[in-house]
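Peer 1: Quick one: structure below, then a few questions.
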Amino acid sequence: MVMLKQAYSNLISSLQFSGEKSSKQQPIQPIDQAQKKAQKIIQTSPTSSRGYLDSAQIYRQKDQLRKALNIYRQGLQLVPQDDPYYDQLQKEKNEVSATLAQRSRGFHQLLPYDILATIFGKLDFRDLLRCTGVCTQWCDFMMDWPEFWQKLSREMPQMNRSTLDPLLRRQAQEFRLEGPLDMGLVHDMLKFLSYSDNHFMEALHFSKLSLTNTEADLLAGAIRSTSPPVKRIEFVDCKIPQYKIASPILEACSHMERVTFSQSTTSSSGYGLDPPKKNEMIIPTIEYSSLTYLKLSFAYDQYNRPYNFQVANGRLGGILHQCPNLAHLFMDSGGTIYHGYLIQQVLKQCHRLETLVVAERAAFPSILNDRIEMSEYDDPMMTAKNNDNINITTAGASPEAESSTSALSRTNNKNNNTTTNKPPGLRRLVLSGSKLYFKDSDMVSIYKRHYKTLEMIYLHYDGAAICTTSFYRLAYHGAPRLREIYLSTENSCSYQGYKHPPIGKALAALFTACPNIEIIDINDALNTTNPGYSSYSRASYLIVTNETLKEIAHNCPRLRKLRITGRRAYTKEGLIYFATHCGKRLVDLEMDIEWQHVLEVVNTMTSLQRLHVRNDSLNHSSTNYPNTHRETANNILGERGGGLTVG
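The end of the sequence shown is residue 647 by UniProt numbering, with every number in the run present.
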């Protein structure tokens, strides 16, 4: 008995010494920079030994021998044997392997195998999982101990060694659970994440899973069990009871930097939603100080439980109340999110907000793909190919699930390439959808707070009245940094809205306050498809008049692109006045023009390169003009590097 106590004491002392040693090894900034440099060399020259040797040696300096061993193995697979340092790679790999083997034998030599088995045999399965994370030696012992796998088969019958081995050895930086999967396996995996200490994880990814209330609670427990450096979590096409989203799932993400709920299909909208009452707004006691990116797009099925309950908007608003560093917020225009209420919370508390998007699937509209530098929204952990990731999936899982942040066009106008030296505030505003729970006063609040910083505005009125009052508000304050504005309509609103000022005058007033505007896109699709618009013109249609064109010509000297679709409300005089007085930078023009005026417009606008002549008006004349007009106009534009498009 005395010998057992002495041996146990020696074991604990040895482990404490090992723990103290590792705790004192704090990351050193120059070493981290050297590691990044070595990784960059590996990426650019994967068949050169230099990067692998540098990276592995840095890991050896930090006593991270298993990572060093993985680097050596990777190098030996890719570096050709005629490389002058190939033998050195092999030699250093053997040295690290020998050191690891020595340490493993040292642990087993402290106590006889039977005594170690007796000690660990007193622990339940949850504690055994946690023991695997204490040190490499404990983990190695568990991997070779039959009783551990027997307990695993009882607790998690659908799990297997090949799945858990890399997780238990802390070799995975990202955990991916991709469906469709058997519910029992999903349950076991979430239980595993709840039991184990996942401090080695950097990202969690769940795809195409259907969770019941029980699994949603397990998921929240799994998230709580993680700790820094776990900073990112992503749900792609997952069906989760909506009332479980805010609590307990989002409440458990207090240490995350990036939280993403995304759907590849459009969600139907909830009906008859009421804003949360005061007593329904529950503010968490903790602050989400790390959260900078939040995307909310949930699967909503109004006919099937438990997916037909609405989001707890009060709790969600309370969480947003505690996000002082939130920079990018994306919300689905469908589902049961009460947008106006949540936006008010964001405007009050999230003073670092730069991007606010409310649209289908909580994504930028496709017309903006070429206009936005998406790299600032992409998650490097989710998009990078990482050989250390653990991916639990089925053979039939589709490749689309690998990342919800699918590659979009990265081109962008050069004025938006950098955010340096820019004042804090909202830069991009996108509001699009047919069931936005959003009031005119909410729009006015946005303009009042952020008129100095807005660079891009996209407003899509789908069956909603156009809030011309807000245009006057923005014109009153001015929009000194606004460079792009996109306005579009679709489907008539249900009321005429005569209380609003006329849209043509509101647009004219708006463009008096945008001195740096470069792109104006007014898409009156409703006007194109529904000619009987006169009785609803104040509410539904984007009317561009002579006055609107005049104000654009006089107040927007930097304009490079103008696109106007829909029936003409301007005359020949307004068109020619615009062509004569517009700035010298306009290179793209798309609008409805009578053919007899096309050549005059091309000759007058000497900077114009690309002209798209539309035929949206019912009274469009297509006969009374010389046949050579079209050819002549196209030749002139061709000499400028562009061309003429018709239709």
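Quick reminder that beta carbons are idealized off the backbone N, C-alpha and C, glycines included.
This structure is a prediction, so every number in the text was calculated from the model and none was measured.
Would a C-beta distance cut-off of 7 Å place I58 and Q43 closer than the cut-off?
Peer 2: Translated into positions along the sequence shown, residue 58 becomes position 58. Translated into positions along the sequence shown, residue 43 becomes position 43. Not closer than 7 Å, so no.
Peer 1: Helix or strand or just coil, what does DSSP make of E373?
Peer 2: The residue you call residue 373 lines up with position 373 of the sequence shown. Note: E373 maps to coil in three-state DSSP.
Peer 1: What's the C-alpha gap between Y293 and R258?
Peer 2: The sequence position of residue 293 within the sequence shown is 293, counting from 1. The sequence position of residue 258 within the sequence shown is 258, counting from 1. So the two alpha carbons sit approximately 5 Å from each other.
Peer 1: For a minimum of 4 consecutive residues, which ranges assigned as the alpha helix (DSSP H) are wholly contained in the segment 54 to 125?
Peer 2: Runs of the alpha helix (DSSP H) inside the segment 54 to 125: 65 to 78, 86 to 110 and 113 to 121.
Peer 1: So what does K239 bridge to, in DSSP terms?
Peer 2: Residue mapping note: residue 239 aligns to position 239 of the sequence shown, counting from 1. Looking at the DSSP assignment, K239 forms a beta bridge with S210.
Peer 1: Assign L431 to one of three DSSP states: helix, strand, or coil.
Peer 2: For this step, residue 431 is matched to residue 431 along the sequence shown. The answer is strand: DSSP assigns L431 an E or B state.
Peer 1: Could you give the distance in angstroms between the alpha-carbon of residue 658 and the alpha-carbon of R483?
Peer 2: Because the chain spans 1 through 647 in this model, residue 658 falls outside it and cannot be assessed.
Peer 1: Can you name the start and end residues of the alpha helix (DSSP H) that F192 belongs to?
Peer 2: Within the sequence shown, residue 192 is the residue found at index 192, counting from 1. If you look at F192, you'll find it in the alpha helix (DSSP H) that goes M183 to Y195.
Peer 1: Reducing DSSP to helix, strand and coil, say where K561 ends up.
Peer 2: Position 561 of the sequence shown holds residue 561. The answer is strand: DSSP assigns K561 an E or B state.
Peer 1: Would S267 and G179 qualify as a contact pair, given that the criterion is a beta-carbon distance under 7 Å?
Peer 2: Start at 1 with the first residue of the sequence shown, and residue 267 comes out as number 267. Start at 1 with the first residue of the sequence shown, and residue 179 comes out as number 179. The answer is no: Cβ separation not under 7 Å.
Peer 1: Answer with buried or exposed for T214, where buried requires no fewer than 16 other C-beta atoms within 10 angstroms of its C-beta.
Peer 2: Here the question's residue 214 lines up with position 214 in the sequence shown. Exposed, because fewer than 16 other Cβ atoms sit within 10 Å of the Cβ of T214.
Peer 1: Look at the Cβ atom of G317, then the Cβ atom of Y341, and state whether they are nearer than 7 Å.
Peer 2: Counting from one through the sequence shown, the residue named residue 317 turns up at place 317. Counting from one through the sequence shown, the residue named residue 341 turns up at place 341. Yes.
Peer 1: Here's a check: name, in chain order, each residue in its chain whose Cβ is nearer than 6 Å to the Cβ of I564, leaving out the five neighbours to either side.
Peer 2: Reading the sequence shown from its first residue, position 564 is the one you call residue 564. Result list for I564: I522, V544 and M591, in chain order.
Peer 1: Would you mind sorting K435 into buried or exposed? The rule is 16 or more other CB atoms within 10 Å of its CB.
Peer 2: Locating residue 435 in the sequence shown gives position 435, where the first residue counts as 1. With at least 16 other beta carbons inside 10 angstroms of its own, K435 counts as buried.
Peer 1: Could you check which residue in T468, E234, S254 and K239 has the C-alpha nearest to that of S225?
Peer 2: Start at 1 with the first residue of the sequence shown, and residue 225 comes out as number 225. The residue with the shortest Cα to Cα distance from S225 is S254.
Peer 1: Please report the distance separating the alpha-carbon of Q173 from that of R428.
Peer 2: The sequence position of residue 173 within the sequence shown is 173, counting from 1. The sequence position of residue 428 within the sequence shown is 428, counting from 1. If you take the alpha carbons of Q173 and R428, they lie about 33 Å apart.
Peer 1: Determine the closest residue to I223 out of Y195, I636 and I240, with distance taken between C-alpha atoms.
Peer 2: Position 223 of the sequence shown, counting from 1, holds the residue named residue 223. Among Y195, I636 and I240, the Cα nearest to that of I223 belongs to Y195.
Peer 1: In its own chain, which residues sit with a C-beta less than 8 Å from the C-beta of residue 652, not counting the 5 before and 5 after it?
Peer 2: Not covered by the structure: residue 652. The range shown for the chain is 1 to 647.
Peer 1: Considering R441, what are the terminal residues of the alpha helix (DSSP H) in which it resides?
Peer 2: Position 441 of the sequence shown, counting from 1, holds the residue named residue 441. Strictly speaking, residue 441 in this sequence is Ser, with Arg absent from that position. D440 to H450 is the extent of the alpha helix (DSSP H) around S441.
Peer 1: Got a sec, what are the start and stop residues for the beta strand (DSSP E) I282 sits in?
Peer 2: Working through the sequence shown from its first residue, we reach residue 282 at position 282. Taken as a continuous stretch (DSSP letters only), I282 belongs to no beta strand (DSSP E), as it is neither H nor E.
Peer 1: Per DSSP, what kind of secondary structure is T260 in: helix, strand or coil?
Peer 2: For the purposes of this step, residue 260 is taken as residue 260 along the sequence shown, with counting starting at 1. Of the three classes helix, strand and coil, the one that applies to T260 here is strand, per DSSP.
Peer 1: Leaving out five residues before and five after L562 in sequence, what residues of the same chain have Cβ atoms less than 6 Å from its Cβ?
Peer 2: Residue 562 sits at position 562 when you count from the first residue of the sequence shown. Hits under 6 Å: I520 and L589.
Peer 1: Reducing DSSP to helix, strand and coil, say where V613 ends up.
Peer 2: One-based indexing of the sequence shown puts residue 613 at position 613. Looking at V613 - three-state DSSP - the assignment turns out to be strand.
Peer 1: Considering only residues of the same chain and omitting the five flanking positions on each side of E639, which have a CB-CB separation below 8 Å?
Peer 2: Counting from one through the sequence shown, the residue named residue 639 turns up at place 639. Same-chain partners within the cutoff: there are none.
Peer 1: CB-CB under 6 Å to S617, same chain, minus the five flanking residues each way: which ones, in chain order?
Peer 2: Working through the sequence shown from its first residue, we reach residue 617 at position 617. Here the set comprises R567, R568 and D592.
Peer 1: To which residues of the same chain is L599 closer than 7 Å at the C-beta, ignoring the five residues directly before and after it?
Peer 2: Position 599 of the sequence shown, counted from the first residue, corresponds to residue 599. Contacts found: H629, T632 and A633.
Peer 1: Return helix, strand or coil for D274, following the three-state DSSP convention.
Peer 2: Counted from its first residue, the sequence shown places residue 274 at position 274. Residue state, collapsed to three classes: coil.
Peer 1: Residue range of the beta strand (DSSP E) that T489 falls in?
Peer 2: Counted from its first residue, the sequence shown places residue 489 at position 489. E484 to E490 is the span of the beta strand (DSSP E), which, as asked, contains T489.
Peer 1: Can you say whether E147 is buried or exposed, counting buried as having 16 or more other CB atoms within 10 angstroms of its CB?
Peer 2: Mapped onto the sequence shown, residue 147 falls at position 147. Label assigned to E147: exposed.
Peer 1: Taking a contact to mean a Cβ-Cβ separation below 7 Å, would you say residue 704 touches F261 in this structure?
Peer 2: In the structure displayed, the chain extends from 1 to 647; residue 704 sits before or after that span and is not available.
Peer 1: From the DSSP output, which residues share a beta bridge with G478?
Peer 2: Residue mapping note: residue 478 aligns to position 478 of the sequence shown, counting from 1. Its beta-bridge partners do not exist; DSSP assigns none.
Peer 1: For A359, which beta-bridge partners are listed by DSSP?
Peer 2: For the purposes of this step, residue 359 is taken as the residue at position 359 of the sequence shown. According to DSSP, which records beta bridges pairwise, A359 is partnered with D332.
Peer 1: Shorter than 7 Å from the beta carbon of K151 to some beta carbon of chain B?
Peer 2: In the displayed structure, chain B is absent; only one protein chain is listed.
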